[in-house]
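> Start counting at 1 in the sequence shown, then tack on 34, and there's your number in our numbering.
Could you have a look at this structure, given as structure tokens, before my questions?
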Amino acid sequence: MAFSARFTFLLTGLTLAGVLLAWSPASQSPDSEDRILVDQGFLITNQTLIDRCSRCHTVDDEGRMSRISWMRKTPEGWQTSIRRMMALHGARLNQADALEIVRYLSNEQGLAPEELRPGMFEIERRSDD
Numbered sequence: 035m036a037f038s039a040r041f042t043f044l045l046t047g048l049t050l051a052g053v054l055l056a057w058s059p060a061s062q063s064p065d066s067e068d069r070i071l072v073d074q075g076f077l078i079t080n081q082t083l084i085d086r087c088s089r090c091h092t093v094d095d096e097g098r099m100s101r102i103s104w105m106r107k108t109p110e111g112w113q114t115s116i117r118r119m120m121a122l123h124g125a126r127l128n129q130a131d132a133l134e135i136v137r138y139l140s141n142e143q144g145l146a147p148e149e150l151r152p153g154m155f156e157i158e159r160r161s162d163d
């Protein structure tokens with residue numbers, strides 16, 4: 035194969051790879067409305083969450099809680115965060131309050147499965163991989 039034919043083949047392959055990457059679902063930006071909500075932070079309206087978590091997560095004048103208002107997670111992610119807060123930071127929650135907080139955060143700031151799909155391999159990675 036001549037040099038120019040190999041060069042043309044390589045250039046075509048790289049162009050095709052670039053086009054496929056540009057059209058992949060992982061590279062598509064979220065809806066502008068969702069992006070604005072995350073940038074401005076979600077308002078927290080659940081009184082149990084405010085009462086139980088405001089010791090460490092302060093509430094500002096607009097009703098946003100530090101760190102919490104700018105996060106989105108799956109229900110399992112919120113549950114893991116609450117367990118970590120209880121174990122490491124001394125948060126005291128009974129099972130009913132923890133369930134209510136996880137349900138509220140999952141409904142208001144949750145991630146849908148299709149939003150999580152591009153990074154799913156991170157969650158499913160095993161310790162022996």
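Note that beta-carbon positions come from the ideal geometry of N, C-alpha and C, so glycine has one too.
How about the stretch 121-129 and the stretch 95-103: do they share at least three Cβ pairs that are nearer than 8 Å?
They do not touch, by the three-pair rule.
> Return the residue from the list SER103, GLU149 and THR108 that minimises the CA-CA distance to LEU83.
In the sequence shown, residue 83 corresponds to position 49, counting from 1. Answer by Cα proximity: SER103.
> Measuring CA to CA, which of GLU148, MET119, PRO147 and SER140 is closest to ILE7?
Since the first and last residues shown for the chain are 35 and 163, residue 7 lies out of range.
> Can you check which of these residues, GLU149, ASN80, ARG151 and GLN143, is closest to ASP73 by C-alpha distance?
Within the sequence shown, residue 73 is the residue found at index 39, counting from 1. Nearest C-alpha to ASP73: GLN143.
> Over what stretch of residues does the alpha helix (DSSP H) that includes VAL93 continue unbroken?
Sequence index remark: in the sequence shown, residue 93 carries index 59 (1-based). First-last for VAL93: undefined, no H or E at that position.
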